[in-house]
DNA sequence: ACAACATGTTGCATAATACGCAACACAATC
DNA sequence: GATTGTGTTGCGTATTATGCAACATGTTGT
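Residue numbers (the numbering used here), protein chains in the order written: chain H, 18 to 268; chain X, 18 to 268.
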């Protein structure tokens, strides 16, 4: 259903453009005539999914989007529940705590809590990270059976840094290692000089999974000993896992 | 662009159904073949706007919806700013404070803060109220020029109670009265036995408008004197209006 | 345990409709 | 005041969305 796919692409474009979109933008990026772009946006606006500012003529997110998102948050209510625990985690480790969910072959960052260290590394909620390079991505992918992994990635794995895994085989090996180890590591595979540790948690009843990670610049860890961070993260897993019924942590 | 309009209708249906949707639901309510409904939802899911639970096959909101909503909240950041002030308002008046925005001829409730009175009247955020019957609706409509009002309503005004205005002329009269008075009143026009007072606020730079209201059951106001509530609401308007640059309150 | 039913997902031919072109309206820019 | 950029209509054609049927799978009932 191509016209709907185009409409969704336009919405993705809106997100990437920072929430505002003009008819011309859609026309250019989707390579359709301005007339088509105009009608497309008008149709989306008709139902309130997006709204047109009567002054600037620009389109922005509408109330229907907010109502839809509310449904998402009802399903992923662990995200809200995790907030306080994340603050404790960031306090303990002094580094940024992240929360993300899997979307295809990408991790979408939903929350970040900054640590007390003067230099912190974080992105704004809403950003997408390549799953094969991010610690949260590996943690979430490791929940899936190997057979499902190749279907998520089309084409070669994008290289973020020199350390990024670039073959599916490497990734699968890393995932089985992650399963054994109990947590995932990204050692400068996403950002140079930044390391991250992550665990994944699944709410038993709803089957929804999130990843929690702690990231830190290498120079902030003088002795290179990240065991305290790993311990804090595993403790988080036991506390929070017990609460949401993830039995991988309670036994 | 009919197929897109159908897709948006499906999303509205999802909101009304409490965030979950099956192919059959869409097929029935939109009166299309199951095959069409299936393809429609699959297309929406392809871009991540919605997601299909692999187990139940049910469709729910996707991450793209969350990202879109984030853009909305960035635009309507007064909503977040209003939170604390609303809490104060609910404390002062002892009744429920509401925050809503206009969407066509309806008010969408975005926040409610309950008062201290044992019996409270409130709906969940996300609910839509008929603008011509709700105090918030009248307050927001009164910002628009009379000429724009008829275009928002198609067909007769739906009657919520016996007090509901049922002609456009009555509504326009009421709106000009609201403009003079400075605040809007709904006296059992939406719910029997419930009265509400509301003001509208506009953020100068972004041009976004919200309504704040206080609602109370009639029996909770023994002497029928609602002046304290009006005063509290007007004080709210002066405080908050000054902060967001709404000059109707600062002079 | 098997039938009867409901529900979700594919191929295929036809009818619906989305598309580009062009023209117009309106601002913004020079 | 001419020029450029942008958003929104009519209109004919070609794309594509649709219902039908069949299949796959899951659910209910006896």
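Heads up, the beta-carbon is just placed ideally off N, CA and C, and yes, glycines get one too. Here the structure is a predicted model, which means the values were calculated and not measured.
Nearest candidate by alpha-carbon position, reference residue i, set the options
| i | options | result |
| --- | --- | --- |
| residue 261 of chain H | H:133, H:97, H:81 | H:97 |
| residue 40 of chain X | X:56, X:26, X:239, X:33 | X:56 |
| residue 164 of chain X | X:186, X:146, X:174 | X:186 |
| residue 101 of chain X | X:135, X:91, X:131 | X:131 |
| residue 139 of chain H | H:234, H:199, H:174, H:34 | H:234 |
| residue 107 of chain X | X:44, X:64, X:133, X:18 | X:133 |
| residue 248 of chain H | H:109, H:73, H:113 | H:109 |
| residue 225 of chain X | X:47, X:267, X:92, X:58 | X:92 |
| residue 237 of chain X | X:182, X:171, X:112, X:161 | X:112 |
| residue 241 of chain X | X:161, X:255, X:210, X:253 | X:210 |
| residue 150 of chain X | X:83, X:172, X:94, X:188 | X:188 |
| residue 83 of chain H | X:239, X:32, X:65, X:53 | X:32 |
| residue 54 of chain X | X:25, X:81, X:71, X:65 | X:25 |
| residue 208 of chain H | H:182, H:48, H:135 | H:182 |
| residue 161 of chain X | H:71, H:64, H:254 | H:71 |
| residue 64 of chain X | H:87, H:184, H:20, H:52 | H:20 |
| residue 94 of chain H | H:246, H:245, H:220, H:264 | H:220 |
| residue 60 of chain H | X:60, X:48, X:22 | X:22 |
Same chain, Cβ closer than 7 Å to residue i, neighbours up to 5 away in sequence not counted
| i | result |
| --- | --- |
| residue 127 of chain X | 96, 116, 117, 118, 142 |
| residue 169 of chain H | 121, 122 |
| residue 257 of chain X | 99, 102, 218 |
| residue 36 of chain H | 77, 78 |
| residue 204 of chain H | 180, 212 |
| residue 50 of chain H | 44 |
| residue 42 of chain H | 30, 34 |
| residue 311 of chain X | Residue 311 of chain X lies beyond the stretch modelled for chain X, which goes from 18 to 268, so this question has no answer here. |
| residue 81 of chain X | 64, 65, 66 |
| residue 173 of chain X | 183 |
| residue 253 of chain H | 102, 106, 229 |
Own chain, CB closer than 6 Å to residue i, minus 5 neighbours either side, in chain order
| i | result |
| --- | --- |
| residue 228 of chain H | 117, 153, 156, 157, 215, 217 |
| residue 145 of chain H | 123, 125 |
| residue 195 of chain X | 155, 159, 201 |
| residue 175 of chain H | 147 |
| residue 114 of chain X | 103, 106, 107, 130, 231 |
| residue 46 of chain H | 30 |
Neighbourhood of residue i by C-beta distance below 8 Å, restricted to the same chain and skipping five residues each side
| i | result |
| --- | --- |
| residue 62 of chain H | 68, 69, 76, 79 |
| residue 222 of chain X | 262 |
| residue 192 of chain X | 155, 158, 159, 163, 166 |
| residue 278 of chain H | Lying before the first or after the last residue shown, residue 278 of chain H is absent from chain H, which here runs from 18 to 268. |
| residue 58 of chain H | 27, 38, 40, 43, 67, 69, 76 |
| residue 243 of chain X | 212, 214, 233 |
| residue 136 of chain X | 234, 237 |
| residue 177 of chain X | 147, 150, 206, 207, 208 |
| residue 255 of chain X | 266, 267 |
| residue 88 of chain X | none |
Per DSSP, cross-strand counterpart(s) of residue i
| i | result |
| --- | --- |
| residue 245 of chain H | According to DSSP, which records beta bridges pairwise, residue 245 of chain H is partnered with nothing at all. |
| residue 187 of chain H | DSSP lists no partner for residue 187 of chain H. |
| residue 223 of chain H | Note: residue 223 of chain H sits in no beta bridge, so no partner. |
| residue 214 of chain X | X:202, X:231 |
| residue 37 of chain H | H:77 |
Any non-hydrogen atom of the ligand FAD within 6 Å of residue i CB
| i | result |
| --- | --- |
| residue 97 of chain X | The model on display carries no ligand, and the ligand FAD is accordingly not part of it. |
Which runs of the alpha helix (DSSP H) fall wholly inside the stretch 49 to 119 of chain X and span at least 4 residues, in chain order?
Within the stretch 49 to 119 of chain X, the complete alpha helix (DSSP H) segments at least 4 residues long are 51 to 63, 80 to 92, 95 to 110, listed from N- to C-terminus.
List, from N- to C-terminal side, the alpha helix (DSSP H) runs of 4 residues or more that fit wholly inside the stretch 122 to 178 of chain X.
152 to 158, 166 to 169
Contacting positions in the stretch 92 to 120 of chain H - beta carbon closer than 7 Å to chain X:
92, 118, 120
Proximal residues, the stretch 158 to 176 of chain X versus chain H, C-beta separation under 9 Å:
none
Please list, in chain order, the residues of the stretch 216 to 248 of chain X that have any C-beta partner in chain H closer than 7 Å.
224
Residues of the stretch 140 to 152 of chain X whose Cβ lies closer than 8 Å to any Cβ of chain H, in chain order:
142, 143
Listed from N- to C-terminal order along the chain, which residues in the stretch 40 to 68 of chain H have their beta-carbon within a distance smaller than 7 Å of any beta-carbon of chain X?
Within the stretch 40 to 68 of chain H, contact with chain X at the beta-carbon level (separation under 7 Å) is assigned to 56, 57, 60, 61, 63, 64, 65, 66.
Between the stretch 18 to 31 of chain H and chain X, which residues of the former have CB atoms less than 9 Å from a CB of the latter, in chain order?
18, 19, 20, 21, 22, 23, 24, 25, 26, 28, 29, 31
If contact means a Cβ-Cβ distance below 8 Å, which residues of the stretch 188 to 205 of chain H contact chain X?
Residues of the stretch 188 to 205 of chain H that bring their beta carbon within less than 8 Å of a beta carbon in chain X are absent altogether.
Got a sec: which bits of the stretch 71 to 90 of chain X sit with their beta carbon under 8 Å from any beta carbon on chain H, in order along the chain?
72, 77, 78, 79, 80, 81, 82, 83, 84, 85, 86, 87, 88, 89, 90
Members of the stretch 121 to 135 of chain X that neighbour chain H once the beta carbon cut-off is set at 8 Å
121, 125, 127
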